[in-house]
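Just so you know, the sequences run in chain order H and E.
Note that the UniProt record's numbering gives residue 100 to position 100 of the first sequence, counting from 1, and the numbers run on in steps of one.
Note that the UniProt record's numbering gives residue 186 to position 186 of the second sequence, counting from 1, and the numbers run on in steps of one.
Here's the structure, in structure tokens; my notes come after.
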Amino acid sequence: MSRGRRAVAAACASLLALLLAGCWDRRELNELGISMAMGIDRAGDQYEVTVQVVQPGEVTQKDGQSGRAPVTVYKASGATLFEALRRMTNDSPRKIYSSHLRFAIFGEEAARQGIGDALDLLSRDNELRTDFYLLVAKGTTAENVLDILTPMEKIPANKVYRSIDMSERNGGFTAAVSLDEFISVYVSDGKEPTVGGVEVAGSDEAGRFRENVKTIRPAARILNAGLAVFREDKLVGWLNEAESRGYNIVVGNVKKAVDHVACPQGGNVALEWVDSTSKLRGSVRNGAPRLKVDVRVEENIGEVQCALDLNRSSDIRELERRAEQRVEELARQAVEAMQKTYGSDVFGFGEAIHRSDPRAWRSLKKDWEEAFKSARVDVKATVKIRRSGTIVDSMRKKKGE
Amino acid sequence: MQTNGHISERQLMVLTFLYTIGTTVLIVPSGLAATARQDAWLGALAGIFFGGAILGLYVALWRVFPGLTLVGICEAALGRWLGGGVALLFVFGSFVGAATVLYYVGNFFNIHFIPHTPISFINALFAVVVVMGVRMGLESISRTAELMLPWFLILFVVLLATLTPEVKPHNLQPVLESGIGPVLWAGFSFAGTAYLPVVFLFSVLPRVRNPKKARKWFVSGAIIGGVCVFLVTLLCILILGPDITSRSMFPSYSLVKKINIGNFLQRIEAFMAGLWFVTTYIKTTFYFYGWVAGFSEILRLRRYQAVTLPFGLLLVVFSVIVYPDVAYMQNWDSTVFLPYILTIGFFIPLLLLGIGLLRRAGSKGSP
Numbered sequence: 001m002s003r004g005r006r007a008v009a010a011a012c013a014s015l016l017a018l019l020l021a022g023c024w025d026r027r028e029l030n031e032l033g034i035s036m037a038m039g040i041d042r043a044g045d046q047y048e049v050t051v052q053v054v055q056p057g058e059v060t061q062k063d064g065q066s067g068r069a070p071v072t073v074y075k076a077s078g079a080t081l082f083e084a085l086r087r088m089t090n091d092s093p094r095k096i097y098s099s100h101l102r103f104a105i106f107g108e109e110a111a112r113q114g115i116g117d118a119l120d121l122l123s124r125d126n127e128l129r130t131d132f133y134l135l136v137a138k139g140t141t142a143e144n145v146l147d148i149l150t151p152m153e154k155i156p157a158n159k160v161y162r163s164i165d166m167s168e169r170n171g172g173f174t175a176a177v178s179l180d181e182f183i184s185v186y187v188s189d190g191k192e193p194t195v196g197g198v199e200v201a202g203s204d205e206a207g208r209f210r211e212n213v214k215t216i217r218p219a220a221r222i223l224n225a226g227l228a229v230f231r232e233d234k235l236v237g238w239l240n241e242a243e244s245r246g247y248n249i250v251v252g253n254v255k256k257a258v259d260h261v262a263c264p265q266g267g268n269v270a271l272e273w274v275d276s277t278s279k280l281r282g283s284v285r286n287g288a289p290r291l292k293v294d295v296r297v298e299e300n301i302g303e304v305q306c307a308l309d310l311n312r313s314s315d316i317r318e319l320e321r322r323a324e325q326r327v328e329e330l331a332r333q334a335v336e337a338m339q340k341t342y343g344s345d346v347f348g349f350g351e352a353i354h355r356s357d358p359r360a361w362r363s364l365k366k367d368w369e370e371a372f373k374s375a376r377v378d379v380k381a382t383v384k385i386r387r388s389g390t391i392v393d394s395m396r397k398k399k400g401e
Numbered sequence: 001m002q003t004n005g006h007i008s009e010r011q012l013m014v015l016t017f018l019y020t021i022g023t024t025v026l027i028v029p030s031g032l033a034a035t036a037r038q039d040a041w042l043g044a045l046a047g048i049f050f051g052g053a054i055l056g057l058y059v060a061l062w063r064v065f066p067g068l069t070l071v072g073i074c075e076a077a078l079g080r081w082l083g084g085g086v087a088l089l090f091v092f093g094s095f096v097g098a099a100t101v102l103y104y105v106g107n108f109f110n111i112h113f114i115p116h117t118p119i120s121f122i123n124a125l126f127a128v129v130v131v132m133g134v135r136m137g138l139e140s141i142s143r144t145a146e147l148m149l150p151w152f153l154i155l156f157v158v159l160l161a162t163l164t165p166e167v168k169p170h171n172l173q174p175v176l177e178s179g180i181g182p183v184l185w186a187g188f189s190f191a192g193t194a195y196l197p198v199v200f201l202f203s204v205l206p207r208v209r210n211p212k213k214a215r216k217w218f219v220s221g222a223i224i225g226g227v228c229v230f231l232v233t234l235l236c237i238l239i240l241g242p243d244i245t246s247r248s249m250f251p252s253y254s255l256v257k258k259i260n261i262g263n264f265l266q267r268i269e270a271f272m273a274g275l276w277f278v279t280t281y282i283k284t285t286f287y288f289y290g291w292v293a294g295f296s297e298i299l300r301l302r303r304y305q306a307v308t309l310p311f312g313l314l315l316v317v318f319s320v321i322v323y324p325d326v327a328y329m330q331n332w333d334s335t336v337f338l339p340y341i342l343t344i345g346f347f348i349p350l351l352l353l354g355i356g357l358l359r360r361a362g363s364k365g366s367p
């Protein structure tokens, strides 16, 4: 290579360095306000948006001693969510960056008015992913939930996110529903959405201060509050703990849970679910839908408070039979609550019919809500009890005999 | 004749493979799901069959006019002037193709990564690499394709493996809900996007060393490429469902956002986007190559390299204005593109083949 060509090549290479220096969309970390949770409320025809933003210095182990709160909350309102979020630049020195959002929470009032329009921004904006959870604040505003500092997790948004996750995976009390799951249910015909709910316990005023996490028992806490039932995009009501569990049973969403059945001789046995699956079936006979739920559960014995002979398989069979009744009862309660109180097919029976009999579904689709309300639902549970923990018989058995 | 090297049959296969996947994989699942709902994957499958027929046509054309590019075929079949005119249609087609694909590159970056960067800069940067490759000649870009192949395959296997746990089989049901019609229609649009543009690869075919053997490789490259797109479409339906798939601008990108193995292997979508860059690069490059090589053949230029720079500038400018807005783009892609590509990718080649066969029969018959 001649000297001249080498010089040209070097010049070209150094020109490339100009491109490396950055682009229009460079965003320095110290210019971003990382929002972990977004709360959406309505005030008249305006959206009130609150975001919980991490205070970068405060969440690190080393520097987090200045006494400032680990997160701060910004609030703004606007006719559209996008505007409201941008209006926060009046208050926040950093632009709100939403890629790390853990959940979006709707105030109960906003949820009752419908959340469909708000979901548009959440799925349209390129910063937002689709894997954050949707939640509803039971009996309060989203703002109040985001205003509470929590123990264990420095960032309250993480506490709420993990609580929902833990409760779903280990208790079956709630369901973690992400944005895209919600949307795909919302747009489908034969299924209505549900999302998890949270509520504020104690005085929510106290939750704002760092003192809330300095005491052993915080004055304000955020608790999971069962499932919120939607029809279309509007909140229509709430499921209590047993009904939420029942819902999870029907849709096969219980991974682990603990439940109890009564012993034949009195006293209770606690059973831990280790695995469960469910099958929804829907068919149409003479224009009337027949819906079936088949649940299979594997359980372990977790706690025995009666003189049960765990060496006898007949006793185990008896426990299984009782456990089956219990599962069927929970599932039936949830289904009945849906049919009688809310008229909302959150289980997706309509989709089951759509899958098995698309032709019949076409005529059923229009009045599915009514058809669902009066449909016959059969629940069949099969329970297998596998193990009994680290001991066999209960201490009580020896004493009792 | 221009001399810019020869390529092996394996290189032909690799570039046909990547060319078939390029941009198709980004945009086609959305259209398929809009037409055939949960049967989109069947539509893709049907598209591969249609694609087989289209490839059969190309192979036949290649056999009848061995050693000729599309421009050469047009002139051989229709004479210098008429043939030149028809050849201009092809050249223009590859020009439009290159510009629209480049627009997709900019649009994709703009939507997902760098929303405030002017699209002309993104396109210009991408086009620089395309023009550079084409100036270096066919051998260089074919070898580039070969070098990119392993990366593509690795990413593709990662995609399949990491997404399998997310699959929800009931998304496929009910199968054939609205009958076979929408499936066939989806198949047409699949073949239109994936296989009809293969016609522009005729600018490359005469440069293949061993045409007899290469035919097999050519067809299998395109078919395997179609199967990859089919798999991605299937995963879109299985994981996102037909609704979200049809509503997404780039469903396969929404798809890789779902990758999450144990809350650990996640958020790798920007990495997976390498799949689209590699294949889109090959697609843009060969559209561009077809354009400059075809144009200089019509004008009897000795070296097509002379026109690469000015045409590169044209390409960037046109790519910025080719679609004034996304609604125009979707309207064009769903209504205009298919008849357009059918004309230049199917009917004209069929006509040329007919003329070629008649000529051959005629010359055999005459003393």
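For glycine and all other residues, C-beta sits at the position ideal for the given N, C-alpha and C.
Nonlocal neighbours in the same chain, by C-beta distance under 7 Å from residue i, ignoring five residues either side
i	result
threonine 3 (chain E)	Bear in mind that the predicted position of threonine 3 (chain E) carries a pLDDT of just 49, short of 50, making it too unreliable to give a figure here.
glycine 43 (chain E)	Leu32, Thr35, Ala36, Val183, Ala186, Gly187, Phe190
serine 252 (chain E)	Val25, Leu26, Pro29, Val232, Cys236
phenylalanine 295 (chain E)	Val91, Val307
cysteine 12 (chain H)	none
Presumed contact (8 Å Cβ cut-off) between residue i and residue j, rounded CB distance
i	j	result
glutamate 243 (chain H)	alanine 175 (chain H)	Not really, about 12 Å apart at Cβ, beyond 8 Å.
tyrosine 19 (chain E)	phenylalanine 288 (chain E)	That belief does not hold up - the Cβ atoms of tyrosine 19 (chain E) and phenylalanine 288 (chain E) are roughly 12 Å apart, past 8 Å.
glutamate 303 (chain H)	alanine 270 (chain H)	4 Å
serine 120 (chain E)	valine 320 (chain E)	5 Å
lysine 292 (chain H)	glutamate 272 (chain H)	The Cβ separation is near 27 Å, so there is no contact.
isoleucine 148 (chain H)	proline 156 (chain H)	6 Å
threonine 69 (chain E)	phenylalanine 202 (chain E)	6 Å
valine 208 (chain E)	glutamate 9 (chain E)	6 Å
glycine 197 (chain H)	alanine 225 (chain H)	4 Å
methionine 38 (chain H)	valine 49 (chain H)	7 Å
Partners in chain H for residue i, counting only beta-carbon separations shorter than 7 Å
i	result
glycine 241 (chain E)	Ser184
glutamine 173 (chain E)	Arg355
isoleucine 111 (chain E)	Asn126
glutamate 146 (chain E)	By Cβ distance, chain H contributes nothing, its closest Cβ being about 25 Å from glutamate 146 (chain E), past 7 Å.
histidine 170 (chain E)	Arg355
Pick from the options that is closest to residue i, judged by C-alpha positions
i	options	result
lysine 191 (chain H)	H:Val346, H:Arg217, H:Gly252, H:Ala11	H:Val346
alanine 98 (chain E)	E:Val134, E:Pro115, E:Leu353, E:Leu78	E:Val134
valine 131 (chain E)	E:Pro310, E:Gly226, E:Ile341	E:Pro310
glutamine 305 (chain H)	H:Arg396, H:Asp357, H:Leu291, H:Ala331	H:Arg396
valine 251 (chain H)	H:Gly57, H:Glu370, H:Ser278	H:Ser278
alanine 142 (chain H)	H:Thr382, H:Arg362, H:Tyr47, H:Arg386	H:Tyr47
arginine 285 (chain H)	H:Ala375, H:Glu324, H:Ile34, H:Gly267	H:Ala375
residue 442 (chain H)	H:Tyr247, H:Ser92, H:Lys138	Since the displayed chain H opens at 1 and closes at 401, residue 442 (chain H) lies outside it and no answer follows.
valine 219 (chain E)	E:Leu234, E:Leu238, E:Val199	E:Val199
proline 165 (chain E)	E:Asn260, E:Val278, E:Thr280	E:Asn260
threonine 390 (chain H)	H:Arg129, H:Leu310, H:Arg355, H:Val327	H:Leu310
threonine 343 (chain E)	E:Gly56, E:Leu89, E:Arg80, E:Leu15	E:Leu89
Cut-off 6 Å between Cβ atoms - residues of its own chain near residue i, not counting five sequence neighbours on either side
i	result
leucine 223 (chain H)	Glu199, Ala201
threonine 382 (chain H)	Arg296
Close beta carbons around residue i, own chain, < 8 Å, minus the five adjacent residues each side
i	result
threonine 140 (chain H)	Gly107, Glu108, Glu199, Val200, Asp204
lysine 373 (chain H)	Gln339, Lys340, Gly343
glutamine 113 (chain H)	Arg42, Lys234
glycine 67 (chain H)	Arg210
isoleucine 239 (chain E)	Leu163, Glu166, Val167, Lys168, Asn171, Leu255, Lys258
Under 7 Å from the C-beta of residue i: neighbouring residues of chain E
i	result
valine 187 (chain H)	Asp243
arginine 129 (chain H)	Lys257
proline 358 (chain H)	Pro174, Glu177
Residues that residue i contacts on chain E, provided the C-beta gap is smaller than 8 Å
i	result
tryptophan 24 (chain H)	Ile114, His116, Thr117, Pro118, Phe121
aspartate 294 (chain H)	Within chain E, no residue comes near aspartate 294 (chain H); the closest Cβ sits about 14 Å away, beyond 8 Å.
Per-residue contacts from residue i into chain H (C-beta, under 9 Å)
i	result
glutamate 166 (chain E)	Near glutamate 166 (chain E) there are no residues of chain H at all, since even the closest Cβ is about 11 Å away, more than 9 Å.
The ligand GDP heavy atom lying under 7 Å from the CB of residue i
i	result
glutamine 330 (chain E)	This structure does not include the ligand GDP; it has no bound ligands of any sort.
3 or more residues per run - each beta strand (DSSP E) lying fully within the stretch 170 to 205 of chain H: Runs of the beta strand (DSSP E) inside the stretch 170 to 205 of chain H: 194 to 202.
In chain order, each alpha helix (DSSP H) run of at least 4 residues that lies wholly inside the stretch 16 to 88 of chain E: Segments of the alpha helix (DSSP H) lying fully in the stretch 16 to 88 of chain E: 24 to 36, 40 to 64, 70 to 78.
Continuous beta strand (DSSP E) assignments of at least 3 residues falling wholly in the stretch 261 to 329 of chain H: The qualifying runs are 268 to 285, 288 to 304.
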